[in-house]
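Comments concern the structure below.
Residue numbers (full-length UniProt numbering): 1 to 1081.
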């Protein structure tokens, strides 16, 4: 027992059975607070010991800080205990226990952080570690004014601190020799000995600007930045910082900086100094055009750009010190570096005779009295944000620096991730909210604090983290207003990009109307999608066991496939980065099938002509898929679905490509080696092409031939049978007239590649397939449900049609959207829905025409399409057995329908027997002078499609009769058959000869159909409800087939059972019939 062990008073031992950290002394703890609960600690002999206080403790070991949170003070204990489970949770680590020693390793990198030994049968925390003195906040009075200013000013050197405080207005006096040694500075500022300094110095502002790029950061900032670009004025040493997401933004950033600074100082930049980085080589044309001299440092000699290099070192050291003192996660590095630049510009410099850069450049004496300790607890005034009179006037936030465009402070609300800029802020400069949050843990949710329970029931280690904000007493609380802030007209740093819309808080309902939501009444809703989320970063995925297993499975597959070999990085080689991508694979009913982790190379960093050459790789056309499925249903062929695992890894690379080791799987013995790729990894520019070529060779060896009409269609003919293969990257459909031949080929493909036989067709490219008897139904219920959830339209009122009758959209409609990105994403997603929904093709095409500058009116039209899909979510394309392989096409046009350019809209649909296989709705490229001309151009588009489909059928050895084109404009039909109106049709002569030649050769037949039977009418204009529903049914867009069997494979039960889903509007559903007679032409 520990209680009886000798000489253990000051030691800390690990206990796997303890639920909390325990200490017999409160003197070594920080943030000590009386324990108000009634719980007691139960020891091994059954006795209970009282708890007097709680506190925190931190250890410093080999530059690593280990935190013990919520340590319980139990005076009757004879030694100190560390709970292993809580230690792992607090510090994101795991243990390896051995017979004589143990290791503590990082959960993410698997790197060994600490090694300890067995002592008297117990695992002891290494005694060589030291407690971090600077973490403790139990005695605020122990911190001298000098130490406080040292933290506020970003940990400057002692001489700089002394000069700064002596020269500010009013001055601050203190004894420099009474400042305790700072434990933060060694963590952030250890560096090599300096090079000799340059003696040259600019004689006026902007005569020489030094610049350099830093990055990439190991983790992106909260705004997505991975780099920063510095500009330093040689005359004043004043510094500007800009945050970039990619290196290629350097030139545009310099142009912005140049316009700003030359306007502010009424002077011009004469010369810039940089290294030979590729981002600076691109400056040459711009600098030459504006008469700016560009000086480069010699290759591989960054010391010649020493002022920029030293400034970056100074900036990064200061920023790291700010992060270390505040315990902020690394993703807030941009705020720390931004604050560092701000402080550096205010501090005196020895090279400037102990004047500050601000004073030299702008002739203003800096004022330090508005400065506060970075990362501390603060309470901004939030009265302007309150939406009722009982709202709290403030909330606990973290101080993240000084606003560049406002006279105020930047405050982060940890519970909502919202940033506030306020002039009225109350600071607690010795309380750091992130001190109690483990460095690798996600941001906490805003949950109330609960007292720790020692006796059962035990606390779950997976419960959400909570943040405790210790409130210091006496003079550490200080209220600041921005009236004391210096003017920021000099723009010391660039504004960072605004957060993504997903991270912004929902708008507050400030209207006076009493609603259910305001009264706390919420109606139950049935949702149509899965709530399981996909991680976006490795740090998120590493906390979930299913995703960890998925990454391990992918990594082992890469190794087994000999994807790379580890080699030392070649001196002149370009190293491509890599990252993990996470995707949930769903079953047709929407449930999660498996977790898929994929390692992808960052191909956007590849250099064309060096890292890759040809990249084109074909994919099968949607019309080809529908045509093959229609034939398979008509001839009752089996349809099998295959998935090639890690397909791209089968492709062989012809070029030398070097890649960084994947995150989380860095070789412990060779951490600096790189991967020389032998296989075409996902993400590489040439990967799709390499895989397709490898697959093509295997198919040709079996006897397949690639189609001339569609390269991704492969056919294999025997004396009596045919085998058909459709390839869409790594998803493959196989069908044919002989089931045994199909099975034999799948076995052959199994020998060539790692293959998953998914059985009969059920879910392909996001399309659900339901086959019952002689009927096949294709729909996109899950995809539409996800789209409705993404746009928050699940509870919207269904619309009977996708567009408003009589409403014509124009570019001049409404007010332009401030951010058109959401509009573009949704319209792009709707374009994919048209693969099985021709009934929305016209409405989606109309919305697509305003992608460049959408307005609020156009957005309402898109919402109308979504409301229509909400009410008809189960509808899809219907295929049935057909004894005919005759091709029939319907063509229609709406003359001069666009109010902006008076161009017409064409639409056509093509049937193979009774099955719809192709359709289109598009604006014509030219203005037509008459309705006959617009209809004629529509006929030409349909003819081109029919000729292509005919060539596809001929390669399949299927006999076809001349296709029939149905048109409801007799003038256009006569224009095809008769050489009349020549003087009026010169401008369409080429199209005229093309279609007329087909008719004269009897390869095509033009027939007239009345407007009421024109099926393509739904593809050119908005229609009344009854006519729209009738044409929709004739296009074979119907509900899925019903089954009376208790089938486990029903794919739509989970999606159609929601009471909020309306299947479709009531309308007639006549059987599809084609006109049988036509006038003689």
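Note that beta-carbon positions come from the ideal geometry of N, C-alpha and C, so glycine has one too.
At least 3 beta-carbon pairs within less than 8 angstroms: the stretch 206 to 216 vs the stretch 231 to 238 = yes
Coarse secondary structure for residue 705, derived from DSSP in three states | For this step, residue 705 is matched to residue 705 along the chain shown. Reduced to three states, the DSSP call for residue 705 is strand.
Please report the Cβ distance between residue 755 and residue 642, rounded to the nearest whole angstrom; I am assuming they are in contact, meaning their Cβ atoms lie under 8 angstroms.
-> One-based indexing of the chain shown puts residue 755 at position 755. One-based indexing of the chain shown puts residue 642 at position 642. Their Cβ separation, rounded to whole angstroms, is 6 angstroms, which keeps residue 755 and residue 642 in contact under 8 angstroms.
DSSP three-state assignment for residue 695, whether helix, strand or coil = Taking the first residue of the chain shown as position 1, residue 695 is located at position 695. Three-state result, residue 695: helix.
Run through DSSP, which three-state label would residue 661 get?
-> Here residue 661 is taken as the residue at index 661 of the chain shown, counted from 1. Here residue 661 sits in coil by DSSP.
Out of 870, 721 and 417, state which residue places its alpha-carbon closest to the alpha-carbon of residue 786.
-> The residue labelled residue 786 in the question sits at position 786 within the chain shown. Checking every option, the nearest Cα to that of residue 786 belongs to 870.
Anticipated Cβ contact below 8 angstroms, residue 963 with residue 912, distance rounded = Start at 1 with the first residue of the chain shown, and residue 963 comes out as number 963. Start at 1 with the first residue of the chain shown, and residue 912 comes out as number 912. With 8 angstroms as the limit, residue 963 and residue 912 do not qualify as a contact, their Cβ atoms being about 10 angstroms apart.
Taking the C-alpha atoms as reference points, what is the distance between residue 537 and residue 583?
-> Position 537 of the chain shown, counted from the first residue, corresponds to residue 537. Position 583 of the chain shown, counted from the first residue, corresponds to residue 583. Each residue's Cα considered, the two are about 12 angstroms apart.
Go through its chain and collect everything with a Cβ distance to residue 766's Cβ below 8 angstroms, but skip five positions before and after it.
-> Counting from one through the chain shown, the residue named residue 766 turns up at place 766. 780, 782, 783 and 832.
Best match in 564, 403 and 572 for proximity to residue 599 [C-alpha to C-alpha] = In the chain shown, counting from the first residue as 1, residue 599 sits at position 599. With distances taken between Cα atoms, residue 599 lies closest to 564.
If we ignore side chains and look at the alpha-carbon of each, how far apart do residue 757 and residue 763 end up?
-> The residue given as residue 757 occupies position 757 in the chain shown. The residue given as residue 763 occupies position 763 in the chain shown. Taking the straight line joining both Cα atoms gives about 13 angstroms.
From 240, 202 and 247, pick the residue whose C-alpha is nearest to that of residue 217; which is it?
-> In the chain shown, counting from the first residue as 1, residue 217 sits at position 217. It is 247 whose Cα lies nearest to the Cα of residue 217.
Is residue 215 near residue 244, with beta carbons less than 9 angstroms apart?
-> Locating residue 215 in the chain shown gives position 215, where the first residue counts as 1. Locating residue 244 in the chain shown gives position 244, where the first residue counts as 1. In contact: residue 215 and residue 244 (Cβ atoms closer than 9 angstroms).
Please specify which runs of the alpha helix (DSSP H), each continuous and at least 4 residues long, are wholly inside the stretch 599 to 646, giving them in chain order.
-> 622 to 635
Distance between residue 637 and residue 628 (C-alpha atoms, nearest Å) = Taking the first residue of the chain shown as 1, we reach residue 628 at position 628. Taking the first residue of the chain shown as 1, we reach residue 637 at position 637. The alpha-carbon separation between residue 628 and residue 637 amounts to approximately 10 angstroms.
Name, in chain order, the residues that DSSP records as bridge partners for residue 915.
-> As a first step, residue 915 is located in the chain shown; it is residue number 915 there, counting from the start. Bridge partners of residue 915: 912.
Which of helix, strand or coil DSSP assigns to residue 865 = Locating residue 865 in the chain shown gives position 865, where the first residue counts as 1. In the structure shown, residue 865 sits in a helix (DSSP, three-state: H, G or I).
How many whole angstroms separate the CB atoms of residue 953 and residue 891, which I take to be in contact at a CB cut-off of 8 angstroms?
-> For this step, residue 953 is matched to residue 953 along the chain shown. For this step, residue 891 is matched to residue 891 along the chain shown. Incorrect: roughly 20 angstroms between the Cβ atoms, too far for contact.
Per DSSP, cross-strand counterpart(s) of residue 967 | The residue you call residue 967 lines up with position 967 of the chain shown. DSSP lists 891 and 1008 as partners of residue 967.
Exposed or buried, residue 56, counting other C-beta atoms within 10 Å across all chains shown (16 or more means buried)?
-> Position 56 of the chain shown, counted from the start, is the residue given in the question as residue 56. Residue 56 is buried by the Cβ-count criterion.
Which residue's Cα is closest to the Cα of residue 558: 630, 633, 675 and 334?
-> Taking the chain shown and counting its residues from 1, the one referred to as residue 558 is at position 558. Answer by Cα proximity: 675.
How is residue 17 classed by DSSP in three states: helix, strand or coil?
-> For the purposes of this step, residue 17 is taken as the residue at position 17 of the chain shown. Coil.
Spatially closest choice to residue 861 from 1020, 680 and 843, by CA coordinates | The sequence position of residue 861 within the chain shown is 861, counting from 1. It is 843.
How big is the Cα-Cα spacing for residue 257 and residue 282?
-> Locating residue 257 in the chain shown gives position 257, where the first residue counts as 1. Locating residue 282 in the chain shown gives position 282, where the first residue counts as 1. Approximately 16 angstroms between the Cα atoms of the pair.
In angstroms, rounded to a whole number, what distance separates the CA positions of residue 881 and residue 948?
-> The residue labelled residue 881 in the question sits at position 881 within the chain shown. The residue labelled residue 948 in the question sits at position 948 within the chain shown. Approximately 23 angstroms between the Cα atoms of the pair.
Reference residue 1082; option with closest CA among 376, 392 and 810 | No information on residue 1082 is available, as it lies outside the stretch 1 to 1081 that the chain covers here.
Proximity of residue 219 and residue 331 at Cβ, strictly below 9 angstroms = Numbered from its first residue, the chain shown carries residue 219 at position 219. Numbered from its first residue, the chain shown carries residue 331 at position 331. Yes, they are a contact pair.
By Cβ distance below 6 angstroms, which residues in the same chain neighbour residue 327 in space, the five residues on each side in sequence not counted?
-> Sequence index remark: in the chain shown, residue 327 carries index 327 (1-based). Only 432, 434 and 435 meet the Cβ criterion.
For my contact list, residue 84 and residue 93 are in at a C-beta cut-off of 8 angstroms; report their separation, rounded to the angstrom.
-> Here residue 84 refers to the residue found at position 84 of the chain shown. Here residue 93 refers to the residue found at position 93 of the chain shown. Not a contact, Cβ separation roughly 10 angstroms.
Could you pull the start and end residues of the beta strand (DSSP E) that residue 883 belongs to?
-> As a working mapping, residue 883 is identified with position 883 in the chain shown. Unbroken run through residue 883: none, as it is neither H nor E.
Residue 944 (DSSP reduced to helix, strand or coil) = As a position in the chain shown, residue 944 is number 944, starting the count at 1. In the displayed model, residue 944 falls within a helix according to three-state DSSP.
Can you tell me whether residue 353 is buried or exposed, with buried defined as 16 or more other CB within 10 angstroms of its CB?
-> Translated into the one-based positions of the chain shown, residue 353 becomes position 353. So residue 353 counts as exposed.
Pair within 9 angstroms by beta-carbon distance, residue 580 and residue 662 | The residue you call residue 580 lines up with position 580 of the chain shown. The residue you call residue 662 lines up with position 662 of the chain shown. Against a cut-off of 9 angstroms, the Cβ pair of residue 662 and residue 580 comes out as a contact.
Rounded straight-line distance, which links the Cα of residue 88 to that of residue 98 = For the purposes of this step, residue 98 is taken as the residue at position 98 of the chain shown. For the purposes of this step, residue 88 is taken as the residue at position 88 of the chain shown. Approximately 17 angstroms, taken between the alpha carbons.
In angstroms, rounded to a whole number, what distance separates the CA positions of residue 58 and residue 146?
-> Counting from one through the chain shown, the residue named residue 58 turns up at place 58. Counting from one through the chain shown, the residue named residue 146 turns up at place 146. Taking the straight line from one Cα to the other gives about 24 angstroms.
Own chain partners of residue 799 with C-beta closer than 6 angstroms, once the 5 adjacent residues on each side are dropped | In the chain shown, counting from the first residue as 1, residue 799 sits at position 799. 864, 867 and 868.
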